[in-house]
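This report concerns only the one structure given below.
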Amino acid sequence: MTDTTNTPGADGGDALVTAFNAVGADYIFCSSGSEWAPVWESLARRHRDGLPCPQYLDLTHETVAVGMATGYGLIKRRPQGVLLHAAPGLLQGSMAVHGALLAGVPMVVSSSESTTYGDGPGQDPGGQWYRNLSIVGGPHQIAQPFTKWSNEAASVHTLPTMVTRAAELAWRAPAGPAYLNVPLEILLEEWDGREAKPIVAPGSTHSSPEEVDPVAQLIREASNPVIVTETAGREAGGFEALVAFAEAWNIPVVEPDSAVCGNFPRTHPLHAGSDIGPWMDEADLILLVNCRAPFYPPSRRPSKATVVVIDEVPQRPHVVYQVLFADKYLEGNVANTLRQLAKRAKDLDEASVAVRRAAQEQRHADEQTAIAAAEAKAAQAEGVDPVLVAATLRKLLDGQDGIVVDETITHSRVVKRHVQTADPDSYFYVQGGLGQGIAVALGVKLAARERPVVLTIGDGAFTYNPVIQSYDASNAYELPLLIVVFNNRVYKSMNLNHRRFYPEGAAADTGEWLGTDLHRLPRLAAFAEPFGMHTETVDAPEALAPALERALKAVAEGTTAVVDVLVIR
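What the sequence shown shows, in this note's numbering, is residues 42 to 610, in sequence order.
This is the structure:
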């Protein structure tokens, strides 16, 4: 730490704000709690005196705060600050924190506790800590299972560097949320002004030529290689590096249903769809590029392929059970590794390459024909087919540099297949439990204000979201979204499992399908009306495109638009 001149009245709130400044946080995403008065006072003083500080977002639900930090981090890839309230607020936001862990988004999450319960010297923390808010072991203990690192700041003098440490840990691979418990008494304690040193981006590790060369030789000798990836596009430059690598060697790329972002242009001739099944017996080399869970069930082993894992952290510490069947690892920065392999695409067997190129071109042509046929069939349906919704979105977003955030379940494959995003940072699938999608989309919009952001969401997922609080954030911070609800009036995935597990059970016999019916819900678009947002409900195919066009126009003019589409399946 470096000594600085103390500001009169400086306390732990100032220490925390200067620490977030030092780590380079653009924003503090806060779901308010009574412990944060010292932070608010510090921010008010800095605003008054023209001193630097992160921009503060006052949000009214923990999932909104964490989800927006996640969406922002998906684009910016730098740690931001998140403030929640005590152990209850942390528990309320825990699903979204876990989602950030799965998505690999760095952030520093803080909440608080009391350590004196009013029996110590100094200001009274309030009786609520004694009666309701405290938890045995402290909130850092309950945060441990769903964060990358969890600890307590036990002194105001170490608070700034504890924030620095948390941010540095969060930013390094595998990136994810770190948690810091900052007791209220520490926030109120006088601070001597010693600030943390600003942090810099992590350094990178690279696979050595001695490790890369043998893998290049394996690719050279393979007659039927395939790339499988889930998160290559999450790394800076990863999307572009994967395209260059696949093109240099003419290797098809599979993005399985478990892919969490756009990793490769879905319109590219080398894109081989989402099904790894056809390759399990035919491929002689499988390159797992940032692919945490390629095979399902995990014991489903490729029959003859050599498996090469290209990943900075191939064994994810937060994944409970992970089976890769690796024969060789290339660890270190994935984009760099892919670029190194692309440079080694020399002395190829042109005849062999021509055979696999022709086979992939045929697969790609067949897939495009199947997509066109599915869309033609959907256009003739009596009601609104989900395929028609996704295809219409693709046409309307063409050339708009749009970003799609997806929180559908039943229709997720339809969205990926027919929206066909083709650019870096243009598609993200919400990770973890349902109910975060609107907030994540708002965070994405915060990071990319110049780009249209579309949230595709099922009616079931929509009802899990803190809708009122999300709409409030959209209006308060001028973050217009297009929200498209795929509304089939049922928890379809639950219903499918019931039918699958008990095909001839009592429910099948009587028609009593519990836990699935959503027909009783009111018009979902109507919840946006009190906020002055653009709303549409669509139940006819001919009304779909005009409704989406009007909605996108409203978004371009600065207003969130909600289009509730009553789909037929």
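Positions of the beta carbon are idealized from the N, C-alpha and C atoms, including for glycine.
Pair within 7 Å by beta-carbon distance, residue i and residue j
{"i": "V14", "j": "G134", "result": "The question about residue 14 has no answer here: the residues shown for the chain are numbered 42 through 610."}
{"i": "P215", "j": "V354", "result": "yes"}
{"i": "A184", "j": "V64", "result": "no"}
{"i": "V253", "j": "I317", "result": "no"}
{"i": "E154", "j": "L125", "result": "no"}
{"i": "V656", "j": "V428", "result": "Here the chain has residues from 42 to 610 only, and residue 656 is not among them."}
{"i": "V223", "j": "A195", "result": "no"}
{"i": "V348", "j": "D322", "result": "no"}
{"i": "A431", "j": "V456", "result": "yes"}
{"i": "P521", "j": "G599", "result": "yes"}
{"i": "S299", "j": "E271", "result": "yes"}
{"i": "V460", "j": "V471", "result": "no"}
{"i": "V698", "j": "P507", "result": "Outside the modelled stretch of the chain, which goes from 42 to 610, sits residue 698, for which no answer is possible."}
{"i": "A285", "j": "A128", "result": "no"}
{"i": "D352", "j": "A263", "result": "no"}
{"i": "L259", "j": "A273", "result": "no"}
{"i": "A588", "j": "V579", "result": "yes"}
Simplified DSSP assignment, three categories, for residue i
{"i": "V204", "result": "helix"}
{"i": "T347", "result": "strand"}
{"i": "E288", "result": "helix"}
{"i": "W554", "result": "coil"}
{"i": "I327", "result": "strand"}
{"i": "I444", "result": "strand"}
{"i": "D369", "result": "It should be noted that the sequence gives Lys, not Asp, for residue 369. Of the three classes helix, strand and coil, the one that applies to K369 here is strand, per DSSP."}
{"i": "S264", "result": "coil"}
{"i": "A195", "result": "coil"}
{"i": "F469", "result": "strand"}
{"i": "A219", "result": "strand"}
{"i": "T462", "result": "coil"}
{"i": "W25", "result": "With the chain covering 42 to 610 only, the question about residue 25 has no answer from this structure."}
{"i": "T45", "result": "Unreliable placement is indicated for T45, whose pLDDT of 43 sits below 50; the coordinate value is still reported in the next sentence. Reduced to three states, the DSSP call for T45 is coil."}
{"i": "T246", "result": "coil"}
{"i": "V425", "result": "strand"}
{"i": "E209", "result": "helix"}
{"i": "V494", "result": "strand"}
{"i": "D254", "result": "helix"}
{"i": "T451", "result": "coil"}
{"i": "D322", "result": "helix"}
{"i": "D390", "result": "coil"}
{"i": "T504", "result": "helix"}
{"i": "T433", "result": "helix"}
{"i": "E236", "result": "strand"}
{"i": "V138", "result": "helix"}
{"i": "V456", "result": "helix"}
{"i": "V396", "result": "helix"}
{"i": "V481", "result": "helix"}
{"i": "V596", "result": "helix"}
Counterpart residues of residue i in DSSP-defined beta bridges
{"i": "G122", "result": "I69, V149"}
{"i": "G25", "result": "This structure does not reach residue 25, given that the chain is present from 42 up to 610, and the question cannot be answered."}
{"i": "T576", "result": "V603"}
{"i": "E231", "result": "D52"}
{"i": "H312", "result": "V294"}
{"i": "T270", "result": "V330"}
{"i": "V608", "result": "V425"}
Any non-hydrogen atom of the ligand NAD closer than 6 Å to residue i Cβ
{"i": "Y337", "result": "This structure lacks the ligand NAD, and indeed carries no ligand of any kind."}
Residue-chain proximity (residue i, chain C), Cβ-Cβ < 7 Å
{"i": "D352", "result": "In summary, chain C is missing from the structure at hand, where a single protein chain is found."}
Can you give, in chain order, each stretch of the alpha helix (DSSP H) that sits fully within the stretch 514-540 and has at least 4 residues?
none
For the stretch 570-579 and the stretch 549-562, state whether three or more C-beta atom pairs, one from each stretch, are separated by less than 8 Å.
no
Touch check for the stretch 232-249 and the stretch 163-175: three-plus C-beta pairs under 8 Å?
no
Touching or not, the stretch 374-390 and the stretch 420-431, by the rule of three or more beta carbon pairs under 8 Å?
no
Go through the stretch 57-115 residue by residue and report every complete run of the alpha helix (DSSP H) that reaches 4 residues or more, in order.
78-90
Check whether the stretch 73-91 touches the stretch 108-115, counting contact only when three or more Cβ pairs, one atom from each stretch, lie closer than 8 Å.
no
Are the stretch 295-313 and the stretch 390-409 in contact at 8 Å, needing three or more beta carbon pairs?
yes
Three or more beta-carbon pairs under 8 Å between the stretch 87-95 and the stretch 139-146, yes or no?
no
Are the stretch 593-610 and the stretch 517-532 in contact at 8 Å, needing three or more beta carbon pairs?
yes
Would the stretch 583-592 and the stretch 557-568 be scored as touching if the rule is three or more Cβ pairs under 8 Å?
no
Assess, as a yes-or-no matter, whether the stretch 472-479 is touched by the stretch 531-541 under the definition of 3 or more beta carbon pairs within less than 8 Å.
no
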